[in-house]
Every structure is written in C-alpha cells, then in structure tokens.
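Enquirer: Here the protein sequences come in this chain order: A and B. For the first sequence, position 289 matches number 289 in full-length UniProt numbering, and the numbering has no gaps at all. For the second sequence, position 149 matches number 149 in full-length UniProt numbering, and the numbering has no gaps at all. Got a structure for you, written out below as structure tokens; questions coming shortly.
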Amino acid sequence: MNARLKRELPLYLLILPGVLLVLVYNYVPMLGSVIAFQKFVPALGVFKSKWIGLDNFQYLFALPSFEQVLWNTVLIACMKIAAGLIVAIAVAVFLNEMLHEKMKRLVQTFIYLPHFLSWVVLGGILIEILSPNGGIVNRILAGLGINPIFFLGSNHWFQPTLVVSDVWKEFGFGTIVFLAAITGIDPALYESAELDGASRLRKMRHITLPGLASTIVLMMTLSLGNVLNAGFDQIFNLYSPVVYQSGDILDTMVYRIGFEDAQYGVATALGMFKSVVSLPLISVAYWLAYRFANYRIF
Amino acid sequence: MNSHKSFHLFNYAFFIVLSLLCLLPIVHVLAESFSSNSAVTSGMVDLWPVDFTLDSYRYVLSKPELYRAFGISVERLAAGTLINLVLCVMIAYPLSKEVKSFRARTFFAWFFVFTMLFNGGLIPSYMVVRYTGLLDSIGALTLSNAVNVFFVVLMLNFFRGLPKELEEAAFVDGAGHWTTLWRIYVPLSTPSIATIALFSMVFHWNSWFDGLIFMNSPDHYPLASYLQTVVNVSLQQLMEQGDLNNLVEVSDRTARAAQILVTTAPILVAYPFLQRYFVKGIVLGSVKG
C-alpha cells in the first residue's frame, strides 16, 4: 500500500498545480454562484452580503425583455448550428472531389483563415463593409438596383447578418472533421460504383454522404450543448441598443446587468439560469455521443 | 466524359468563389488602409488603394498607446503560452496513465471534464480574479485560464499513442516519472506540443474580453482589447449615422482600417506557414478523441 503511494506520488505532484488553479478559478466561482441569492456588494463579500432568497430570479423573470432575450438566444444559436453544419458538410463533400491536391490545399488555407481572426477584427471589418453609407456591400447592392440595407441597425436584418457572418467565419474550419471522416470511407465502394457506371454526383450522394452519416449525427448531437451559446464575442462587437430586440442574448444581458448596471446578484442569477439549463443538455449530448458513437472526451 | 469535365469546371469555379469570399473582405479593408480618407468616404475604394498613401499607418504607428498595448500583448502571449503548455503537459501525463498505475486517474479526469460541462458564470469568475488580487495585472489574463481542458485532451491522446515500452525501458534504467516525462515524452511530442503552442498563442493574441473587464485602465489593455475600443467607436458612429441620416461624417475610417490590420498582421503573416499544424492538431483531437 505504502509502496504504491510512493510510486504514484510523482503523478500527484505533477497534476497538483493544475488542480489548484482549476480549483481556484473554475470551482470557487461555481460555489461563488451563491451570490445569485444575495444582494451582493463586492466590498462586503460573499459572507457579509445580504441574503434575499429568490428575489433576483423573480426580478429577472419579470423583466419584459427576458422572454425575448431567451428566444433570441435559442433562435440565433440554432440557426447558426444548422446553417454551419449544412455548409460545412456540403463544402467538405465537394472539396473531396477536387483532384488537384495542391489546389485543394490552397483552398483549405483560404477558407480556414477567418477562423483564426477574432470577432473584434471581423467586427471591425463587418462594420466597415456593411455600412449603409458607402459600405462596399451596399455599393454592390446599389449596382444591382437594391436600396441600401442597414444590416447592423435593423431588427429585420440583424439576425441573418449574425448567422451569415458566423457561417462565413467558421464553415471552413468546420469542414476539417468531415474531410477527415471522408478519408475513412472504404475506397472499394467508389471503385465498384465506378464499375457500375455511377456518375460523380451519384457517388457523392450515395457513398460519401451516407459514409458521413455517423459523423454528422455525432456533430449534431454534440452541438446540443450549444443551444444557449449564441456567440457573445460576435454579438458584443456588432450590436447596439437599436437591435437589442433581435440581437440581445443571455450572455450580453449578463454583461450589461453585471458590468454596466453593477447588479452583480441579478447578473449572476441570469448566468446561473444559463448554466443550469445547459448542464443537462451538454451531459445528454455527451452521453448520447458516447452511447451511440462511442465518442469519448478522454 | 463531358459531364465529368463540366463537373470539375463547376467545382473549380465554386471553390475559387468560396476562397475569394473568405479573402476579399480583408483585402478590401487593406486597400482602404492604404487609401486617402476622401477616397474612402466617397466610396471609391474597392480592392485596390485609391490615392495611395501611408498616412493612416503613419498616424496609427505614431501613437504611444499602440506600442504599450503591443508590449502588453507580447508579455501576455509569452507568459500565457508558457503557463498553458507546462500545465498541459503536467496534467496530461498522469491522466494518460491507466487506472492501475494511477488510481486517482478517474477522479481527476472528471475533475477537469466537469469544468467543460458547468461553469460559475461571468460575475463569480470576475469576483474570484478580483479577490485573488489579480485585477489590473497580467496574471488576470494568464492564470485565470491557465488550464485549457481541450489542450489537455489533445496532449493526453498523443501521450497514449506513444509505445508503452519507452516508459518501461526508462523505469528499468531507473528513471522516475519526472525524468520520463521531460526527457522522453516531451521530446517525442514536439508535433503536438507545437500545435498546442500555436493554438495557445492565437488564443492569447486574440483574447480581448478579459482585458476589457480585468484591466482597470485602458493604459493596461492588450492590443486586442485596445482594438475593441476603437472598433466600438466606429460602431457607435455607424449607429448615429443611421439615426441622423448622414449628418455625422465618419472620419478616421482609414486609420481604423490600418489599426485592424496592424493588430492582425502577426496572424496573417504567420498563418500560411503554420496552417497545417493547426489542422493536424484538430484532426488528431477529433479522430482519436
């Protein structure tokens, strides 16, 4: 027993610093969520602030904007997930058909690029190109005889703009998983289809896509955990009070209540609401992925 | 045969358009940054500079704030990446062992995985950084996200792929875990360590929100947070412009374009050379994971 502990001691020592940091910066905040039930004052701290039961939650749920924000969050997140998956799958399937290996790699280099730029940079670029007064997108639209559209200032256009720009940023990177899965498809299937005279499109439809089915289901399942993640970084850099009605989401609301209004307890309550709803979703997603696709995080 | 050919023609055309779609917005802003303000405001700049000038770069590069923010970003990137990497290796090694040689493995694995499932939320996390005295320091940007569980998973999968005989041979020769890790595992893992280092560097270079909330004064913002304040001003101007129907003349558009490009330049320059490492890492993580 003792010898065993002695043998394992170095492993404990190796993992210790990481465990301590995660304990402090990930687990203590979880415990700190109790300030959702307080009228929290930073100077008083968790122990001296006044406990007020569920008042913060009652206040939140009674806010006229709460329902709208929740709906925006789910809607934007789901549209992004669906559009992102469809585009990534389609692009991967067609990219796989590219014979010229060098050209294929060049295309990959270009379409992965936006993934590595932050939403601050892309936000700056979008604000510039989407301006209703002389932004290049509206100049192109004008050339087609379409009136200028105020993409970032109209509740009608804000959500589509979010979804399209998010797909634009991430579709390339999203293809990686599917391209990797395609390489796992048995080449014999393609050869026999070829002998039977199947056209390229038929092969894509009847071999590549079915070959991707399990990966597609896996990706859909895993994104279940993201239905409350509508993309804080993106929206924070693109929204303004004019489009709160269509673009305000849980995360941006937490930020404003917390940092702009300094209502720490209320903001924490809202964050807790999100975490508590997300936890079962993420757990179920991983469980399903593990159960049916043998997907394991570790 | 003909349909075969036309398919490939279509496919090439499709991917050329797709690649351009990803590049042109950046090229457009690049062209604006090298154009005169009047050419930009009168909507003459498309993909090539009009009235070529370096004025906006001269203006942006003359600001001391830029250098200060750049310095903070570099400091943060160096410290943050080092911390990420060292911790990642140190956590991944024990977790890559089997339960019979590290009994607490399952417990610690769940300890880390749980942070992917649940978090304390923005405000409590902010408060902990505040109470641990890190506010307004580099530590807030490097210690509060010192452990990245995705990196750990990537690393431990790589460790597991290494032949068991290596470890056994090392133990026979009298080496302990510590020596085995640093002398054998780490040198053999340079490909995945390089990938993780790259991800970590991009993460630290791009992170802007933590700087915004953890730093008390804009003087201490890293470059990305500094850029956020600049971009935010342009968003506000855009909104006023929309409201008042063109009464507010937006100036500084070229300067902002230059600012965006200066901030992104390190990534844009390094990216083409390093891209394959990123992809390798993702495939490694997703296929084995």
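Backbone N, C-alpha and C define an ideal beta-carbon position, used for all residues, glycine too.
(1) Any idea what DSSP makes of Gln263 (chain A), helix, strand or coil?
(2) By alpha-carbon positions, which one of B:Phe203, B:Gln237, B:Glu240, B:Leu238 ends up nearest to Leu223 (chain B)?
(3) Determine the contact status of Asn206 (chain B) and Ser118 (chain A), defining contact as a CB-CB distance below 9 Å.
(4) Please report the distance separating the alpha-carbon of Arg200 (chain A) from that of Asn96 (chain A).
(5) Which residues bound the alpha helix (DSSP H) around Gln99 (chain B)?
(6) Whose C-beta lies closer than 8 Å to the C-beta of Lys80 (chain A) among residues of the same chain, with five residues either side of it excluded?
(7) Helix, strand or coil, according to DSSP, for Asn294 (chain A) in the structure here?
(8) For chain A, is any of its Cβ atoms less than 9 Å away from the one on Gly80 (chain B)?
(9) Out of A:Asn226, A:Ile182, A:Ser33, which one is the CA nearest neighbour of Arg205 (chain A)?
(10) Compare the beta carbon distance of Val128 (chain B) and Gly225 (chain A) with 9 Å and say whether it is the shorter of the two.
(11) For Met98 (chain A), return the contacting residues in chain B, with the cut-off set at a CB-CB distance below 9 Å.
(12) Exposed or buried, which one is Val269 (chain B) when buried takes at least 16 other CB atoms within 10 Å?
(13) Are Tyr226 (chain B) and Leu77 (chain B) closer than 9 Å when you measure CB to CB?
(14) By how many angstroms is the C-alpha of Thr109 (chain A) removed from the C-alpha of Leu9 (chain A)?
(15) Spatial neighbours of Val277 (chain A) within its chain, please: CB distance less than 8 Å, with the 5 preceding and 5 following residues excluded, ordered by chain position.
(16) Taking CB distances under 9 Å as the criterion, tell me whether Phe236 (chain A) reaches chain B.
(17) Shorter than 9 Å from the beta carbon of Arg139 (chain A) to some beta carbon of chain B?
(18) Using only the alpha-carbon positions, how far apart do residue 377 (chain A) and Ala36 (chain A) sit?
(19) Is the Cβ of Thr109 (chain A) closer than 9 Å to any Cβ of chain B?
(20) First and last residue of the alpha helix (DSSP H) that includes Ile233 (chain A)?
(21) Could you give the C-beta distance for His177 (chain B) and Leu14 (chain A), rounded to a whole number, given that I count them as a contact under 8 Å?
(22) Along chain B, in chain order, which residues have C-beta atoms closer than 7 Å to that of Val242 (chain A)?
(23) Return the chain-ordered ranges of every alpha helix (DSSP H) run that is complete within the segment 91-157 of chain B and spans a minimum of 4 residues.
(24) Please confirm whether Leu85 (chain A) and Ile216 (chain A) have their CB atoms less than 9 Å apart.
(25) So does the segment 138-150 of chain B actually touch the segment 55-70 of chain A, counting three or more Cβ pairs closer than 8 Å?
(26) Using three-state DSSP, classify Lys5 (chain B) as helix, strand or coil.
(27) Per DSSP, what are the beta-bridge partners of Trp287 (chain A) in this structure?
(28) Looking at C-alpha atoms only, which residue of A:Ala142, A:Arg4, A:Val28, A:Ala285 is the closest neighbour of Thr132 (chain B)?
(29) Whose C-beta lies closer than 8 Å to the C-beta of Cys22 (chain B) among residues of the same chain, with five residues either side of it excluded?
(30) Please name the residue or residues paired with Lys50 (chain A) in a DSSP beta bridge.
(31) Just confirm the distance between the C-beta atoms of Ser96 (chain B) and Arg160 (chain B), as a whole number of angstroms; I'd bet it's less than 8 Å.
(32) Using the three-state DSSP reduction, which class does Leu44 (chain A) fall into: helix, strand or coil?
(33) Is Met116 (chain B) close to chain A? Criterion is C-beta to C-beta, closer than 9 Å.
(34) Between Tyr190 (chain A) and chain B, is any beta-carbon pair separated by less than 9 Å?
(35) Measure the Cβ-Cβ separation of Leu235 (chain B) and Leu122 (chain A) and say whether it is below 9 Å.
(36) What does a CB cutoff of less than 6 Å around Met44 (chain B) pick up in its chain, not counting 5 residues either side in sequence?
Expert: Inspection of the coordinates gives the following:
(1) coil
(2) B:Phe203
(3) yes
(4) Straight-line Cα distance between these residues: approximately 11 Å.
(5) For the record, residue 99 (chain B) in the displayed sequence is Val; it is not Gln. Here Val99 (chain B) belongs to no alpha helix (DSSP H), and DSSP marks it neither H nor E.
(6) Leu162, Val163, Asp166, Val167, Ala230, Gly231
(7) coil
(8) no
(9) Answer by Cα proximity: A:Ile182.
(10) no
(11) His8, Asn11, Tyr12, Phe15
(12) exposed
(13) no
(14) 45 Å
(15) Leu228
(16) yes
(17) yes
(18) Outside the modelled stretch of chain A, which goes from 1 to 298, sits residue 377 (chain A), for which no answer is possible.
(19) At a cut-off of 9 Å, the C-beta of Thr109 (chain A) has a neighbouring C-beta in chain B.
(20) According to the sequence as given, residue 233 (chain A) is Asp; it is not Ile. Per DSSP, Asp233 (chain A) belongs to the alpha helix (DSSP H) from 232-238.
(21) 7 Å between Cβ atoms; contact.
(22) Met239
(23) 105-117, 122-131, 138-142
(24) yes
(25) no
(26) helix
(27) Answer is none; Trp287 (chain A) lacks a bridge partner.
(28) A:Val28
(29) No residues qualify anywhere along the chain.
(30) DSSP, once it has assigned bridges, lists A:Lys39 as partnering Lys50 (chain A).
(31) Distance from Ser96 (chain B) to Arg160 (chain B) at the Cβ level is roughly 5 Å; contact confirmed, criterion being Cβ atoms closer than 8 Å.
(32) coil
(33) yes
(34) no
(35) no
(36) Val50
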